[in-house]
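These notes are about the structure you will find just below.
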Amino acid sequence: MRTVATCHAAYRDDIADLITRRPVPGPGVSQVDPFLFLNHHGPQVYAPNNQGLPFGPHPHRGFETVTFILEGSLAHRDSGGHESIINAGGVQWMTAGSGLVHSELSPDDFKRHGGAMEILQLWVNLPARLKMTPPRYIGLQRDAIPCVPLASGMGDMQLISGEYQGAIGPIPSLTGVFMSVVQLQPGAETVLPAPQGCNVFLYVVRGAVIVADTAVVQWNLVEMRDDGDAIAISATDEAVLLFGYAEPIEEPVVSYGPFVMNSREEIQQAIADYHAGKFDKV
Numbered sequence: 001m002r003t004v005a006t007c008h009a010a011y012r013d014d015i016a017d018l019i020t021r022r023p024v025p026g027p028g029v030s031q032v033d034p035f036l037f038l039n040h041h042g043p044q045v046y047a048p049n050n051q052g053l054p055f056g057p058h059p060h061r062g063f064e065t066v067t068f069i070l071e072g073s074l075a076h077r078d079s080g081g082h083e084s085i086i087n088a089g090g091v092q093w094m095t096a097g098s099g100l101v102h103s104e105l106s107p108d109d110f111k112r113h114g115g116a117m118e119i120l121q122l123w124v125n126l127p128a129r130l131k132m133t134p135p136r137y138i139g140l141q142r143d144a145i146p147c148v149p150l151a152s153g154m155g156d157m158q159l160i161s162g163e164y165q166g167a168i169g170p171i172p173s174l175t176g177v178f179m180s181v182v183q184l185q186p187g188a189e190t191v192l193p194a195p196q197g198c199n200v201f202l203y204v205v206r207g208a209v210i211v212a213d214t215a216v217v218q219w220n221l222v223e224m225r226d227d228g229d230a231i232a233i234s235a236t237d238e239a240v241l242l243f244g245y246a247e248p249i250e251e252p253v254v255s256y257g258p259f260v261m262n263s264r265e266e267i268q269q270a271i272a273d274y275h276a277g278k279f280d281k282v
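For the sequence shown, the residue numbers in the UniProt record's numbering are 1 to 282.
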């Protein structure tokens with residue numbers, strides 16, 4: 001079993017009236033290669049006639065965004081012609097690759113009526129050979145995502161990408177990323193796979209758990225040592241975890257706002273291409 005190196009508490013970085021917590025990058029962790037960034041928006045309740053999410057058209061290049069809609073709904077539109085509204089329990093996986101402009105806003109119905117909202121967005125790096133891969137987008141509702149029972153029926157895994165206990169996640173990752181959302185009831189005990197040589201991404205979204213004899217409360221990222229091939233987890237409260245793993249890319253990471261490349265020259269080229277209209281517009 002793997003052991004815990006340390007935990008990193010998410011810090012508050014609200015965006016206007018949107019409650020936002022960010023465990024990575026943070027003071028003690030710059031990335032969990034290839035996982036670069038996580039924004040945890042909410043949980044919060046929007047009143048009727050609200051302005052909704054503030055993420056109007058903006059560009060990306062060189063990585064992927066994975067968005068988990070835990071509560072509420074999200075309207076996506078991008079310059080590749082993809083458009084969808086994903087509801088609670090759904091996921092969208094966007095490969096920005098060579099460049100996309102997209103918007104992530106609240107649907108009109110949510111803005112009119114309000115309601116609960118909680119969304120996670122994870123940035124996953126791409127290696128140099130895939131930085132300029134053609135963009136793609138996959139949006140899935142809850143019923144299109146396999147739900148694998150855990151802990152003798154006291155939990156389950158929503159499998160987004162990768163394979164687990166005979167189930168296959170519906171999103172084929174370009175780089176072999178395993179990604180899931182795990183829900184556990186109080187008292188549940190489970191063992192999750194964590195192949196040696198891979199970096200684990202484990203974030204406690206809600207509740208409290210014990211990971212390898214270490215108590216972890218909500219809004220904490222757990223940094224695991226690479227000293228085993230599985231992780232023992234028990235829930236002391238009803239818990240929701242973002243759990244994944246992947247082989248590290250081990251390449252230079254140079255980022256500037258919405259662009260993540262391998263060199264400053266590539267960042268400068270991304271900025272120039274965007275301003276030249278090569279990403280198109282939403």
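Built from N, CA and C at the ideal position, the CB exists for glycine as well.
Out of 80, 109, 222 and 230, which one is the CA nearest neighbour of residue 242? One-based indexing of the sequence shown puts residue 242 at position 242. Among 80, 109, 222 and 230, the Cα nearest to that of residue 242 belongs to 222.
Short of 6 Å in beta carbon distance, which residues of its chain neighbour residue 173, apart from the five on each side in sequence? Order them along the chain. The residue you call residue 173 lines up with position 173 of the sequence shown. The answer, listed in chain order, is 161.
Given residue 89, which residues of its chain have a CB within under 6 Å of its CB, disregarding the five upstream and five downstream residues? Here residue 89 refers to the residue found at position 89 when the sequence shown is read from its first residue. Cβ within range, chain order: 142.
Quick test of your reading: residue 96 and residue 62, contact by CB under 8 Å. State the CB separation rounded to the nearest angstrom. By one-based count along the sequence shown, residue 96 stands at place 96. By one-based count along the sequence shown, residue 62 stands at place 62. With a Cβ gap of about 7 Å, residue 96 and residue 62 count as contacting.
Taking the alpha carbon of residue 28 as the point to measure from, which residue in 43, 44, 10 and 207 has its own alpha carbon closest? Indexing the sequence shown from 1 puts residue 28 at position 28. Looking at the Cα atoms, 10 is the closest of the given residues.
Look up residue 259 in the DSSP assignment and give the residues it is bridged to. Numbered from 1 along the sequence shown, position 259 holds the residue referred to as residue 259. Residue 259 pairs with 61 and 256.
Residue 234 bridges to which residues according to DSSP? On the sequence shown, position 234 is the one that residue 234 refers to. Paired residues: 189 and 210.
With 16 as the cutoff for other CB atoms within 10 Å, does residue 81 come out buried or exposed? Mapped onto the sequence shown, residue 81 falls at position 81. Exposed is the call here.
Exposed unless 16 or more other CB atoms sit within 10 angstroms - verdict on residue 283: Limits of the chain in this structure are 1 at one end and 282 at the other, which puts residue 283 out of reach.
Simplified DSSP assignment, three categories, for residue 44: The residue given as residue 44 occupies position 44 in the sequence shown. If DSSP states are grouped into helix, strand and coil, residue 44 belongs with the strands.
Using 8 Å as the cut-off, can you tell me whether the region 125-136 makes contact with the region 248-261, which would need three or more C-beta pairs spanning the two stretches below that distance? yes
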